[in-house]
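K.L.:
Using the working numbering, the first residue of the sequence shown is number 500, and each one after it goes up by one.
Glycine included, every Cβ here is placed at the ideal spot set by N, Cα and C.
On a predicted model such as this, the values are computed, not experimentally measured, just so you know.
Below is one structure. I have some questions about it.
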Amino acid sequence: MPDEQEKSLLRTWDRTIYWHAFTQMADYDPLIIERAEGCRLWDIDGREYIDGVASLWCNVHGHHHPVLDAAIREQLQRVAHVTSLGASNPAAIRLAKRLVDLAPAGLGHVFFSDSGAAAVEVAIKIAFQFWRQCSDPRPRKTLYAALGDAYHGDTLGAVSVGGVDRFNAVFQPLLFEVRRLPCPDTYRTPPESASRDLTDFYLSQAEELFRREGDRIAAMIVEPLMQCAAGMIAHPPGYLRGIRELTRKYEILLIADEVAVGFGRTGTMFACEQESVSPDLLCLGKGITGGYLPVAATLTTDAVYDAFLGDYASLRTFFHGHTYGGNPLGCAVALANLDVFEQEKTLKTLPPKVTRLRERLERIAERPHVGSVRQRGLIAGVELVRDRGTKEPYPWTECRGWKVCQIARECGVFLRPLGDVVVIFPPPAISLEELDRICDAVEAGIRRVTEEGE
């Protein structure tokens with residue numbers, strides 16, 4: 500642990516030199532994590548926290564896991580990095596095969612990158628190029644369909660298909676055209692949906708768009724089951740399946756962005772499994788290495804892959820690549836991550852944790868200023884509102900969600916909100932006792948911030 504002088508320097512440099520993501524640096528209060536073990540974090544002052552956000556939704560089996568640590572050490576004895584441009588390495592090859600074996604049926608090819616946003620960018624570009632060189636070319640297919648309040652990353656293509664205005668508005672002049680469908684929200688529903696089945700209502704809007712402009716839409720991108728950065732918005736049952744059927748009907752590629760919801764988060768390895776959906780392109784990241792190293796992947800079908808084959812002069816090559824795509828260290832730890840899923844039967848351990856979280860959320864939902872709780876597996880969002888009856892939100896300037904998370908930190912739980920949605924997103928390795936402590940901290944924070952005027 501650093502001494503007091505070094506701590507002071509670290510805090511100063513952290514505030515003034517290190518520019519943090521999605522952080523207003525004028526207000527930043529340093530939280531400097533020095534070490535971690537399991538689902539616990541320790542800061543430079545020795546304070547302990549439960550990692551209630553899985554280090555931004557990526558940690559799976561806990562920190563400092565012996566199997567994952569050993570995989571990196573072993574790979575270091577061989578080679579740390581090999582380019583994927585015209586070369587390969589055993590770890591990347593083995594990982595590609597493992598992913599194909601695990602993924603929904605029909606996804607037989609893997610393109611590696613280094614972040615979830617990059618995986619989405621790859622999918623967007625593949626879809627665009629596919630329609631120019633498939634066996635029945637459709638060069639008019641230049642548009643994308645996406646959902647309102649979607650988040651798919653921070654590169655310009657990913658921002659274009661994203662729909663969170665507070666993130667994207669400043670960049671609008673740089674973005675390409677997208678056809679936006681309403682977010683299939685099950686809490687803040689439009690008045691005209693009141694007398695209709697909610698799934699059918701939202702799907703009818705998609706079909707209307709596809710009927711009108713399907714001949715111009717290259718692909719639709721969705722986060723399966725739950726839109727995470729939108730505020731943990733849960734889609735109505737059957738929506739993903741219905742979108743898959745409509746995209747097939749109107750010959751539109753389906754991109755499933757499972758960067759956040761993949762690798763056990765929703766209770767199954769991939770969220771698509773829960774509605775028996777196989778997309779044309781599947782984007783993976785975050786949990787692919789158990790939260791250790793930046794690896795991402797875009798999986799696709801034979802039909803898409805084959806459209807890129809030909810002699811060099813045909814220019815059918817996918818001219819896209821990342822320096823660290825297929826990095827051996829990252830791929831080695833990703834393989835170990837999948838080994839641990841099998842060895843520790845991670846998916847089979849989830850049901851009692853999912854049930855415990857549901858029970859605790861039911862109690863939290865009774866608080867007078869909790870408008871909605873949304874859950875898929877071990878992902879949950881608790882939305883705070885000024886008035887439950889009208890669903891009137893608090894003024895965003897009051898930062899109620901942020902204040903709840905600050906109180907949770909005082910209780911030894913590290914959380915990050917999405918506006919006034921308090922996010923619970925622990926590693927699947929979380930224990931029942933740790934899960935209870937997270938929920939206790941959330942409930943204490945909500946009570947103090949919305950009922951006691953703190």
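#1: Can you say whether ILE592 is buried or exposed, counting buried as having 16 or more other CB atoms within 10 angstroms of its CB?
#2: Nearest chain D C-beta to ARG510 closer than 8 Å, yes or no?
#3: Distance, Cα to Cα, ASP542 vs GLN905?
#4: Using only alpha-carbon positions, find the residue among PHE521, ARG572, GLU861 that is nearest to TYR791.
#5: Distance, Cα to Cα, VAL872 vs GLN704?
#6: Would you kindly check if the distance between the Cβ of LEU655 and the Cβ of LEU674 is under 8 Å?
#7: Would you say ILE720 and TYR643 are within 8 Å of each other, going by their C-beta atoms?
#8: Out of curiosity, what's the CA-to-CA distance linking LEU914 and LEU697?
#9: Which ranges does the alpha helix (DSSP H) cover as unbroken runs of at least 4 residues, wholly within the segment 504–585, from first to last along the chain?
#10: Whose C-alpha, out of ASN667, PRO672, ILE923, GLY661, is nearest the C-alpha of PRO681?
#11: Leaving out five residues on either side along the sequence, give the residues of the same chain with a beta carbon under 6 Å from the beta carbon of ASN826.
#12: For SER634, does the three-state DSSP call read helix, strand or coil?
#13: With burial defined as no fewer than 16 other Cβ atoms inside 10 Å of the residue's Cβ, what is the status of VAL941: buried or exposed?
#14: Around the C-beta of TYR701, are 16 or more other C-beta atoms found within 10 angstroms, so that it is buried, or is it exposed?
#15: Out of VAL832, PRO501, ARG764, VAL839, point me to the one whose CA is closest to ALA570's CA.
#16: Let me make sure I understand the geometry here. Which of ILE937, GLU933, ARG885 has the alpha-carbon closest to that of VAL948?
#17: Since LEU752 and ASP714 are thought to touch, with beta carbons under 8 Å apart, how far apart are those beta carbons, to the nearest angstrom?
#18: Does the pairing of the segment 796–807 with the segment 606–623 give three or more beta-carbon distances under 8 Å?
#19: What residues are listed by DSSP as bridge partners for ASP756?
#20: What does a CB cutoff of less than 8 Å around CYS910 pick up in its chain, not counting 5 residues either side in sequence?
#21: Going by the CB atoms, is the gap between VAL599 and ASN588 shorter than 8 Å?
#22: Exposed or buried, MET500, counting other C-beta atoms within 10 Å across all chains shown (16 or more means buried)?
P.N.:
With the given structure in hand:
#1: Within the sequence shown, the letter at position 93 stands for residue 592. Under this definition ILE592 is an exposed residue.
#2: Absence of chain D from the displayed structure is noted, only one protein chain being present.
#3: Walking along the sequence shown from the start, residue 542 turns up at place 43. Walking along the sequence shown from the start, residue 905 turns up at place 406. Cα to Cα, the separation comes out at about 15 Å.
#4: What you label residue 791 is simply residue 292 of the sequence shown in a count that begins at 1. TYR791 has its Cα closest to that of ARG572, out of PHE521, ARG572, GLU861.
#5: Mapped onto the sequence shown, residue 872 falls at position 373. Mapped onto the sequence shown, residue 704 falls at position 205. Rounded to whole angstroms, the gap between the alpha carbons of VAL872 and GLN704 is 26 Å.
#6: Walking along the sequence shown from the start, residue 674 turns up at place 175. Walking along the sequence shown from the start, residue 655 turns up at place 156. Yes; because the gap between Cβ atoms is below 8 Å, this pair is in contact.
#7: Locating residue 720 in the sequence shown gives position 221, where the first residue counts as 1. Locating residue 643 in the sequence shown gives position 144, where the first residue counts as 1. For ILE720 and TYR643, yes; Cβs fall inside 8 Å.
#8: To locate residue 914, count along the sequence shown from 1; it is residue 415. To locate residue 697, count along the sequence shown from 1; it is residue 198. In this structure, the alpha-carbon of LEU914 lies about 31 Å from that of LEU697.
#9: Within the segment 504–585, the complete alpha helix (DSSP H) runs of at least 4 residues are 553–556, 565–575.
#10: Your numbering for residue 681 matches position 182 in the sequence shown. Minimum Cα distance to PRO681 is reached at GLY661.
#11: For the purposes of this step, residue 826 is taken as residue 327 along the sequence shown, with counting starting at 1. For ASN826, where only same-chain residues beyond five positions count, the Cβ hits under 6 Å are HIS580.
#12: As a working mapping, residue 634 is identified with position 135 in the sequence shown. Per DSSP, reduced to three states, the secondary structure at SER634 is coil, with no helix or strand assignment.
#13: Translated into the one-based positions of the sequence shown, residue 941 becomes position 442. Its Cβ being crowded by 16 or more others within 10 Å, VAL941 is buried.
#14: By 1-based counting over the sequence shown, the position of residue 701 is 202. With 16 or more other Cβ atoms from the protein chains shown falling within 10 Å of its own Cβ, TYR701 counts as buried.
#15: Locating residue 570 in the sequence shown gives position 71, counting from the first residue. Nearest to ALA570 by alpha-carbon distance, out of VAL832, PRO501, ARG764, VAL839, is VAL832.
#16: The residue labelled residue 948 in the question sits at position 449 within the sequence shown. The residue from ILE937, GLU933, ARG885 with its alpha-carbon nearest to that of VAL948 is ARG885.
#17: By one-based count along the sequence shown, residue 752 stands at place 253. By one-based count along the sequence shown, residue 714 stands at place 215. LEU752 to ASP714, Cβ: 14 Å. No contact.
#18: With a cut-off of 8 Å on Cβ pairs, the segment 796–807 is in contact with the segment 606–623, counting three or more such pairs.
#19: Here residue 756 refers to the residue found at position 257 of the sequence shown. Within the DSSP secondary-structure output, ASP756 pairs in a beta bridge with CYS782.
#20: The residue given as residue 910 occupies position 411 in the sequence shown. Non-local beta-carbon contacts of CYS910 in its own chain, meaning distances under 8 Å to residues more than five positions away in sequence, involve ARG936, ASP939, ALA940, ALA943, GLY944 in chain order.
#21: Counting from 1 along the sequence shown, the entry for residue 588 is found at position 89. Counting from 1 along the sequence shown, the entry for residue 599 is found at position 100. A distance of 8 Å or more separates the beta carbons of ASN588 and VAL599.
#22: Here the question's residue 500 lines up with position 1 in the sequence shown. That one is exposed.
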